[in-house]
Structure formats: C-alpha cells, structure tokens
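To keep things clear, I will list the structure first and then write my remarks on it.
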Amino acid sequence: MGKFHKILEPGFNLLIPLIDRIKYVQSLKEIAIEIPQQGAITLDNVQLQLDGVLYLRVVDPYKASYGVDDPEFAITQLAQTTMRSEVGKISLDTVFKEREQLNVSIVEAINKAADPWGLQCMRYEIRDMTMPVKIQEAMQMQVEAERRKRAAILESEGRRDAAINVAEGEKRARILASEAAMQQQINEAQGEAEAIMMRANARAAGIKKVSEALSGKGGDDAAALNIAEQYVSAFGQLAKQTNTVIVPSNVSDASSMVAQALSVYKQLTKSANAPLS
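This is the structure in structure tokens:
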C-alpha cells in the first residue's frame, strides 16, 4: 500500500482492484515547452530580454514520476537559469554571431542537470531577443557607418581600377602605335629597296641591250648618231638660257657639230679599246 510496484508497459496489463492503482501517466512523445521572457546580462554588460522554446521527452518514466515533483516547471526553471548563465559567458556580438552554438551549449547544460529527472532535452531555440533602445540605436549607427565605409572602399577601388584600366589602355595604344610606325618604316624601306633593285635591274637590262646593240652590225654608227643628236640638243638647251656661254665659232654649222660629236665618240671608243699598259 502506497509503494511503487511496477511500470506498466504499453499493451494489456492486469490490475488488482483496491490494491493496485495508477499514480502517474507519462507520455513518451516529444513535447515543446515555451520558456518565458527573462533578463540576461552579457559579458560586456549589455542587458538582454530573451525567450525561447524547449523540446524534450521523457526517457525514464520512473525518474520523471518520482525524481521531481513537477517536471515541466523544473525544466522551465532550469532552462531559464542555464540561458542566463550561458549568455553571461559571451559578449553581445558573440550572441548574434554564435546563436546556434549558444543553443547547443544550453541543451548540453540542461541534459547534464535533468538526467536525474528522467528527461532529455532534444533542442533549445532562442526565439526573441530584445535590447535596450540606446543599444539598438548604437548598433544601427555602427551598421550605417560600416556600410558607408564599405561604400567608400568600393568607390575608391572602382576609381583605382578605372585609372589602371585607362593607363593600361593608353600603354597598349602607344605600343600598338609604335609597332605600327615601325612596321610602316619597315614596309617603306622594303618598298624603297625593291624599287631601287627594280630600277637597277632595269638600268642593267638597258645597258645590256645597248651593249648588245653596239656589238652588233651598225652599232657604232647608231651610237655615233645618237651622241651627235645629244650634242646638238645640249647646245640648243644652252642657247635658250640667259647664261653667257662660250661656244665654238662654227656652232651655226650643223654638219660641223655632228662631225665634232662623231670625233668625240671615236676618241672615247679608241680609249676604251686600248690595251692597259
């Protein structure tokens, strides 16, 4: 009478009337418990108001029935004190950055303390976090300052990249212009060289033709006649100019000029054919 006898497992069970009585009924399903809002002070002395949701289940019905009087109230109080303790170990920035890790730390601390109660905390989620108005304003100003700083950095980097691109473009343009000028000079030099070669080849071919003509039958007479024509033409050009020119006395006699030209040609031919001493 008034003593624990056994745990009734799910299924068919027999009870003796007036002797056996069911004292506690524990659900083994996972349940969610709302943790009321409470105050907590961070490591850098910022006061926060936090609430959350705790998910737990009964793993040992005997401990849950006889280990604690009100399991839900006990786990709620434990969650609140654990959350205050864990928040007090870190700064405000860490609370925001490592919120998930904070939840894990709270779960580990709760499970360590709730083991004698036959309860297991599955997970804990911080739901709402409220800060003083001045802290919120300061954080907002910090965010805006950081955004302005980032914008200034991006703008300066943009100007720097633009200046680099312009300089690279100008450098490339100068290189291309110098390469084009060099190629133009090369092309002009090659063209001039080819033109000189063509003129030289043409002159050589002409000289060769003249040589062949002179060595042929009647070549001397033709050459003499050509020289005579050039001789007369040269004197004609001198007569058209205003310069004072001393000419032979028989310049008016065309036959005499031709005879003189032929005499010059014969002397040149004789000198060219004379053997070297």
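Here the sequence shown is numbered in full-length UniProt numbering, starting from 1 and rising by one per residue. Glycine included, each C-beta is placed from N, C-alpha and C at the ideal position.
Residue i classed as buried or exposed, judged by whether at least 16 other C-beta atoms fall within 10 angstroms
i, result
"residue 126", "buried"
"residue 58", "buried"
"residue 83", "buried"
"residue 119", "buried"
"residue 158", "exposed"
"residue 124", "buried"
"residue 71", "buried"
"residue 193", "exposed"
Beta-carbon proximity of residue i to residue j, cut-off 8 Å
i, j, result
"residue 279", "residue 104", "The question about residue 279 has no answer here: the residues shown for the chain are numbered 1 through 277."
"residue 64", "residue 117", "yes"
"residue 79", "residue 48", "no"
"residue 106", "residue 46", "no"
"residue 60", "residue 36", "no"
"residue 44", "residue 85", "no"
"residue 76", "residue 33", "yes"
"residue 16", "residue 62", "no"
"residue 30", "residue 141", "no"
Residue i - containing alpha helix (DSSP H), residue span
i, result
"residue 83", "71 to 87"
"residue 104", "99 to 114"
"residue 61", "61 to 66"
Own chain residues within Cβ distance below 7 Å of residue i, not counting five before or after
i, result
"residue 28", "57, 58"
"residue 68", "74, 117"
Residue range of the unbroken beta strand (DSSP E) whose run includes residue i
i, result
"residue 129", "119 to 130"
"residue 55", "47 to 58"
"residue 37", "31 to 41"
Own chain, CB closer than 6 Å to residue i, minus 5 neighbours either side, in chain order
i, result
"residue 202", "none"
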